[in-house]
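Chains as they are written, first to last, in the numbering used here: chain R, 1 to 60; chain H, 61 to 587.
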């Protein structure tokens, strides 16, 4: 098995894919941030947190 | 440190403009932390960003967490010592993460259950005592695991800026970085983590690519491969060669540790999955992240390889070669090879790009630390303290306790960075310490999700089996006689750390099945 050739191809392929993916993440990640902040703002403060697993368990 | 070493380490392109870039970036990060503080009013928001993270932001934040400065440092160290053969770890990480994304292996069912932490799953599936035990083991292993993060990250900073030549600089950089992370993490929780992860992704992904291309154009594509063959021979390319740090048992251990565990079981990665808006988004996130899970190892390995080539094949690196590879019999201690990559970058990159890369790396350092601090402290709050408390535990009290725990962990990390004296590669240290938790957790999650007859006793035994991994730590190996010097003074290992890791997974699996068959859970007919 030619490991040297394998790693050359692997390196070029992955770095190229990462370059393309970085552009997509940069553009669409900014859109997701706007959505996240809007959703958190809409949700408002929730003092009765539904995630309190310990309390849920106590009620069982 | 000798005068020659100090002089060699002080040579860097890092300049005033780079310092300004770094400070400006840090101020921006702290500003974001302050800005989103008002959203961190509930535990779901504080540790899970309200479960409203979209796919692309999820990819950025998962990459931001997993592409930490410590990852870059230990990976560069592996590339420096192992050459291109280390690439097999990157390939395994990418392929297994893609597998998890395509199948939803473990993370899909966890997201469906809407748990915030893995121990919370233990309680839903088994019992509260299993949740508490799982939480304790997770925190013990997790905190031990991040013990060397601070030191490795600080070594990058002092290496790239030329401060390594000054004796006390490392200690002060460690303290400064730690304070920065503690202030930042206690402010905004997961929301600020997610936002700065995005900024870090943008800065670092393009910085990584630019630095890589610059390294190739500076050293020469063919020269890199030829020099690695000259210095390391076949072992520099073939990971199956035994006795050179890798070999088949190492590859198998990496499939477990860097592959399955790194993507589907390790809590900081899973916490990102559990913060996603849907299971579909989780799976897409994993498919896309398979590229960044590969790159987070691949590019730092390549930088470590380039540092090796820089030392051996260029006149500019000749002074460093004597520091890292002093002539045999000279009695001179070689310089810690963790410094090789940052010192190389400090001499390769031009000003401004060096500042951007350093800012990105400090951001990566902060991202990893805040994620880990947040993860372990929230496990203590949610999975150990809350289940044991008899009185109601308010959201405000939980957030406050989590913040106090973060500060306490910061104190431990500083202590460990200053005093731990193991000689293993940082990556191997992390695989062993993490293994105390993940060997058992992997089996409990695997069988708990996919085998109906898995019982609480089986889960208990599987988790406890993880403690065998302590035998993989170098100081423990030496103390127990598993590692010793032979008559010629060479170190001999009766069992290597990867072999101990694989045996621990096997033991955990056997105990889980035996315990479940011996004592099934009475009240459970299906999972």
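We put the CB at the ideal spot given by N, CA and C, even for glycine.
Close beta carbons around residue i, own chain, < 8 Å, minus the five adjacent residues each side
i                      : result
residue 412 of chain H : 77, 78, 81
residue 288 of chain H : 143, 144, 296, 297, 365, 368, 369
residue 562 of chain H : 309, 312, 313, 316
residue 41 of chain R  : none
residue 386 of chain H : 392, 393, 394
residue 241 of chain H : 425, 426, 429, 430, 433, 470
Own chain, CB closer than 6 Å to residue i, minus 5 neighbours either side, in chain order
i                      : result
residue 154 of chain H : 350, 353, 354
residue 516 of chain H : 186, 187, 190, 581
residue 442 of chain H : 177
residue 85 of chain H  : 419
residue 204 of chain H : 493
residue 498 of chain H : 321, 325
residue 169 of chain H : 509
Boundaries (first-last residue) of the alpha helix (DSSP H) holding residue i
i                      : result
residue 156 of chain H : 147 to 163
residue 332 of chain H : 327 to 334
residue 552 of chain H : No alpha helix (DSSP H) holds residue 552 of chain H; the beta strand (DSSP E) holding it covers 551 to 553.
residue 513 of chain H : No alpha helix (DSSP H) contains residue 513 of chain H, which DSSP labels as neither H nor E.
residue 2 of chain R   : Where residue 2 of chain R is concerned, there is no enclosing alpha helix (DSSP H), given that its DSSP letter is neither H nor E.
residue 432 of chain H : 413 to 439
residue 228 of chain H : Note, residue 228 of chain H: premise wrong, no alpha helix (DSSP H); not H, not E.
residue 139 of chain H : 129 to 142
residue 216 of chain H : 209 to 221
residue 120 of chain H : 115 to 126
residue 388 of chain H : Neither: residue 388 of chain H is in no alpha helix (DSSP H) and is coded neither H nor E.
residue 168 of chain H : 167 to 172
residue 477 of chain H : 455 to 479
residue 283 of chain H : 281 to 292
residue 404 of chain H : 400 to 408
residue 70 of chain H  : 63 to 70
residue 569 of chain H : 557 to 578
residue 535 of chain H : 534 to 540
Neighbour-count burial assignment, residue i, 16 or more Cβ in a 10 Å radius
i                      : result
residue 407 of chain H : buried
residue 440 of chain H : buried
residue 211 of chain H : buried
residue 471 of chain H : exposed
residue 138 of chain H : buried
residue 281 of chain H : exposed
residue 228 of chain H : exposed
residue 363 of chain H : buried
residue 232 of chain H : exposed
residue 410 of chain H : exposed
residue 432 of chain H : buried
residue 578 of chain H : exposed
residue 286 of chain H : exposed
residue 243 of chain H : exposed
Contacts of residue i in chain B (Cβ-Cβ under 9 Å)
i                      : result
residue 114 of chain H : Although the question refers to chain B, the structure presented lacks it and instead comprises the protein chains R and H.
Unbroken beta strand (DSSP E) run spanning residue i, endpoints
i                      : result
residue 544 of chain H : 543 to 545
7 Å Cβ shell around residue i - same chain, five flanking residues per side excluded
i                      : result
residue 263 of chain H : 416, 419, 420, 423
residue 445 of chain H : 461
residue 555 of chain H : 542
residue 209 of chain H : 130, 428, 429, 473
residue 292 of chain H : 143
Under 7 Å (Cβ pairs) to chain R, residues found in the segment 431 to 443 of chain H
442
As an exercise, report each continuous alpha helix (DSSP H) stretch of at least 4 residues that is fully enclosed by the segment 178 to 202 of chain H, in chain order.
178 to 185
Using a beta-carbon distance cut-off of less than 8 Å, what residues from the segment 341 to 366 of chain H approach chain R?
348, 351, 352, 354, 355, 358, 359, 362
Ranges of the alpha helix (DSSP H) found wholly within the segment 314 to 382 of chain H, counting only runs of at least 4:
327 to 334, 339 to 373
Anything in the segment 285 to 300 of chain H with a Cβ closer than 7 Å to a Cβ of chain R? List those residues in chain order, please.
285, 297, 298
In chain order, what residues of the segment 133 to 156 of chain H put their CB closer than 8 Å to some CB of chain R?
144, 145, 147, 150, 151, 154
Along the segment 6 to 22 of chain R, what residues have a CB closer than 8 Å to any CB found in chain H?
7, 8, 10, 11, 14, 15, 17, 18, 19, 21, 22
Give, in chain order, every residue of the segment 184 to 207 of chain H whose Cβ lies closer than 7 Å to some Cβ of chain R.
188
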